[in-house]
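Trainee: If you count the sequence shown from 1, you need to add 1 to reach this note's numbering.
Ideal Cβ positions, reconstructed from N, Cα and C, are used throughout, including at glycine.
Because the structure is a prediction, the values reported are computed rather than measured.
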Amino acid sequence: MMTKPMSLEQVAEAMVAPGKGILAADESSGTIKKRFDSIKIDSTEVNRRDYREMLFSAIDAMRSSISGVILYDETIRQKAKDGRPMPELIASTGALPGIKVDKGTKPLPFCPGDTITEGLDGLAERIKDYVALGAKFAKWRAVYDIGLKVPSWSSINANAHALARYAALCVEGGLVPIVEPEVLMDGGHDIDACEGVTEWVLREVYQQLYYARVPLEKTILKPNMVISGMKCPKRASREEVAERTVRVLKRCVPPAVPGIAFLSGGQSDEDATAHLSLMNQLGPLPWRLSFSYGRALQAAALKAWGGRPENVAAGQRAFAHRARMNGAASLGKWTDEMEKAA
Ligand code: 13P
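1. Would Glu119 be called buried (16 or more neighbouring beta carbons within 10 Å of its own) or exposed?
2. Please give the ranges of any beta strand (DSSP E) in the stretch 156 to 240, keeping only runs that are unbroken, at least 3 residues long and fully inside the region.
3. What does the Cβ neighbour count give for Trp141, buried or exposed, with the cut at 16 atoms within 10 Å?
4. Are there three or more Cβ pairs, one per stretch, closer than 8 Å when the stretch 271 to 286 is compared with the stretch 8 to 16?
5. Since Ile128 is in the alpha helix (DSSP H), which residue starts that stretch and which ends it?
6. Kindly list the residues whose CB is nearer than 6 Å to the CB of Lys223, restricted to its own chain and excluding five residues on each side of it in sequence; keep chain order.
7. Can you tell me which of Ala329, Cys171, Ser331, Gln299 puts its alpha carbon nearest to the alpha carbon of Arg318?
8. At least one CB of chain D closer than 7 Å to the CB of Ala330: is that the case?
9. Got a sec: does the ligand 13P put a non-hydrogen atom nearer than 6 Å to the Cβ of Arg142?
10. For Thr118, name the three-state secondary structure that DSSP assigns.
11. For Val70, which residues does DSSP report across the bridge?
12. Taking the DSSP output, what are the residues bridged to Leu290?
13. Going by CA-CA distance only, name the one from Cys195, Arg214, Ser39, Ile221 that's closest to Val249.
14. Which residue's Cα is closest to the Cα of Gly266: Val227, Val151, Pro216, Pro234?
15. List in chain order: all unbroken alpha helix (DSSP H) runs of 4+ residues lying wholly within the stretch 271 to 337.
16. What do you reckon, is the C-beta of Ser265 under 6 Å from a heavy atom of the ligand 13P?
17. Do you know whose CA, among Ser68, Asn48, Ala62, Phe57, lies nearest Ile221's CA?
18. For the ligand 13P, is there a heavy atom less than 6 Å away from the beta-carbon of Gly84?
19. Whose C-beta lies closer than 8 Å to the C-beta of Lys35 among residues of the same chain, with five residues either side of it excluded?
20. Considering Cα atoms alone, identify which of Gly328, Asn327, Ala301, Ala330 is closest to Gly316.
21. From which residue to which residue does the alpha helix (DSSP H) around Phe111 run?
22. Out of Gly135, Arg64, Gly148, Met326, state which residue places its alpha-carbon closest to the alpha-carbon of Met87.
23. Secondary structure at Val144, three-state DSSP: helix, strand or coil?
24. Looking at Ala139: is its Cβ nearer than 7 Å to the Cβ of Leu90?
25. Do Asp115 and Leu109 have their beta-carbon atoms positioned less than 7 Å apart in this structure?
26. Would you check if the distance between the CB atom of Ser291 and the CB atom of Gly22 is smaller than 7 Å?
27. For Gln79, I'd like the list of residues in its chain whose CB is within less than 6 Å of its CB, leaving aside the five on either flank, ordered along the chain.
28. Whole-angstrom Cβ separation of Lys129 and Gly99, contact assumed at under 8 Å?
29. Can you give me the C-alpha to C-alpha distance between Asp146 and Asn158, rounded to a whole angstrom?
Below you can see the structure in the form of structure tokens.
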């Protein structure tokens, strides 16, 4: 019997299903090289395939805690060792394959320190290709640094417009768009600065999504948390991060959006988990709050693996643990003790 294809609303709901979240494994060639440099292995096509296959075939973790996987263009076209295409391997665990479709950032003219994310030209055709390869959702990341004169209105406006154009093309082409405006936590700014910029960015993004006529029910938001800059000496507590993030989201994100899946942005693994759990304890909330972590889901697994085939089981165990912790956090049920027990 043929099963009916999922509607985009159903895909969006499934991406933030209770107890589950998204694995962001869509590092560009440059970024994955940096990750591999940290464990001193070469970033070859085979190594990249083996590493990612290790994650996607961690069957218990995938089944119980991962709703979807964001892939890079290279990976969606690769085959696992047994010959199955990667999207098929992912789908066999019950998770949905997704694809990063932006082409990265370029400096924004006349706005020193600001960037614009590129990739709109030809996107409708690329979306067709990705749908044929099995993708169910997509991702586009806009990036905003906080500094003396950044981000500028020009960058906030241009990036929101690009996100909205991307989202409209995705929905029309049959993919759920993950709308990702990332306010970086790299600077020395305090949490007030992060709150102000995050609110401005999100308000502009939802304004542009409205102008582009994007049905919000078919979208997922992937924001940063409201958090102290990495180099800021005054650290906001976990509770404050949770409260401020939820406050800003309530101001800016319409309840029509089914789910919000955070990026980790350079937080420690446990902070990313704790923040998500605390936020979910502040309910009831109008949308599901979950994760779409890259580093905070992968760092321990990457280290345990270290590029050695004999460490695949250890890498999968490390990944399974983080996936389980974040799955619990998406229900507001993570505790410090669970971390120690493992
Ligand atoms: P991090 O969780 O490592 O920030 O990565 C998430 C992501 O997809 C960034 O675009």
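Mentor: With the structure as the only source:
1. exposed
2. 177 to 184
3. buried
4. no
5. 124 to 133
6. Ile179, Glu181, Ala262, Leu264, Ser293
7. Gln299
8. You won't find chain D in this structure, because it holds only one protein chain.
9. yes
10. strand
11. Leu24, Pro98
12. Ile261
13. Cys195
14. Val227
15. 296 to 306, 313 to 330
16. yes
17. Ser68
18. no
19. none
20. Ala301
21. Taken as a continuous stretch (DSSP letters only), Phe111 belongs to no alpha helix (DSSP H), as it is neither H nor E.
22. Gly135
23. strand
24. no
25. yes
26. yes
27. Arg50, Met87
28. No, Lys129 and Gly99 are not in contact; Cβ-Cβ is about 16 Å, not under 8 Å.
29. 14 Å
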